[in-house]
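One structure is given below, encoded as structure tokens.
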Amino acid sequence: MAYLHTSELLYVCGGTVITESSTNSDCSALHKGQRTIALAHVGEFIGTEDANDTMLSEHQVSQTFIHPLYNTTTNANDIAILGLATDIVFSKAIRPICIVWWTIWRNYIDNIQVLSGAQWGLPNYQNESDAFRITEIRRQPANMCSTQNGSEISSSQFCAGDSDSKLCNVDFSSPLGAIISFKNFPRYVLIGIATTNQKCKRASIYTDVLSHTDFILSVWRQYHKSERSPKTWDLQNNFDVENTTLNANS
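Here UniProt numbering is used: the first residue of the sequence shown is 1, the next is one more, and so on.
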């Protein structure tokens with residue numbers, strides 16, 4: 001996770017580390033209060049029992065890439081990528097999230113009904129701290145969600161959670177994903193990004209990440225001036241071969 005702040009250290013929203021020099025977020029969060037995101041903090045987990053469990057690092061945001069078809073009314077294509085001025089040093093505590101590039105995974109991903117998401121800032125009980133934690137929620141039929149103007153959600157969005165969900169109070173940009181097996185290793189894959197907060201009244205809308213892999217790759221190539229895909233981070237904390245992609249038959 002990345003915590004995104006203004007230059008005055010005012011918290012704006014959360015994000016997800018995708019490469020050593022970039023994080024993703026959503027566009028509605030970037031427009032939230034017209035605040036400009038200037039800093040990304042990684043390795044910062046509120047409520048950690050041992051201070052040695054964290055390795056906080058701060059990075060200046062040098063570029064912001066907003067999806068060219070982002071719709072402020074319906075929040076369609078609500079995804080953005082932030083380029084960092086300095087590289088993130090990966091460790092056991094700080095790793096990039098895994099993103100599926102190939103659309104051949106569509107049916108498999110869409111059939112994962114129970115997803116897990118990050119929650120912080122709202123304790124389950126009054127005596128709890130604002131701890132970071134993971135909570136499971138279920139996908140819901142698309143007709144359980146509607147956009148701000150009452151229209152149906154787009155094919156690049158999906159609906160998840162309900163009035164009983166512990167994630168109904170999550171902040172914008174909160175990631176939603178699932179553990180899948182790749183080469184006999186479990187990997188947490190980013191599937192959705194929270195784009196609306198219904199304040200526990202109903203299910204929430206998420207940006208479907210697999211629908212936006214072309215945008216993610218095009219930004220990566222533009223930002224890194226490269227035609228190769230980002231390196232992947234294996235479970236032994238080493239970089240794997242570039243262009244490694246999750247295989248639907250693995």
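Glycine included, C-beta positions come from ideal geometry on N, C-alpha and C.
Just so we're clear, the structure is a prediction, and the values are computed from it rather than from any experiment.
- Taking the Cβ atoms as the reference, I81 lies roughly 7 angstroms from I216, within the contact range of under 8 angstroms.
- DSSP, reduced to helix, strand and coil, places H5 within a strand of the structure shown.
- In the same chain as I37, and ignoring 5 residues on each side of it, the C-beta atoms closer than 6 angstroms to its own belong to L4, V12, V61, in chain order.
- Residue state for V219 is assigned as helix, using DSSP reduced to three classes.
- Between I97 and V17, the C-beta spacing is below 8 angstroms.
- Contact between L176 and A203 fails: their C-beta atoms lie close to 12 angstroms from each other, not under 8 angstroms.
- For I81, there is no enclosing alpha helix (DSSP H); the residue is found in the beta strand (DSSP E) stretching over 80 to 84.
- When DSSP states are grouped into helix, strand and coil, I94 belongs to the coil group.
- The continuous alpha helix (DSSP H) containing N107 extends over residues 106 to 110.
- In the structure shown, D87 falls within a coil segment according to DSSP collapsed to helix, strand and coil.
- Excluding its 5 nearest sequence neighbours in each direction, T6 has C-beta neighbours in its own chain below 8 angstroms: V12, R35, T36, I37, A38, L39, listed in chain order.
- Considering only C145, S181, M1, E136, the residue with the shortest C-alpha distance to S116 is E136.
- In the three-state scheme derived from DSSP, where H, G and I count as helix and E and B as strand, H59 is classed as strand.
- Only residues of its own chain outside the window of five on either side were considered, and among them I112, L115, S116, V189, I191 have a CB closer than 7 angstroms to the CB of A178, listed in chain order.
- The beta carbon of I109 sits closer than 7 angstroms to those of V100, I191, L210, all from its chain and outside the five residues before and after it, given in chain order.
- The residues S154, in chain order, have a CB closer than 6 angstroms to that of A76 in the same chain once the five nearest residues on each side in sequence are set aside.
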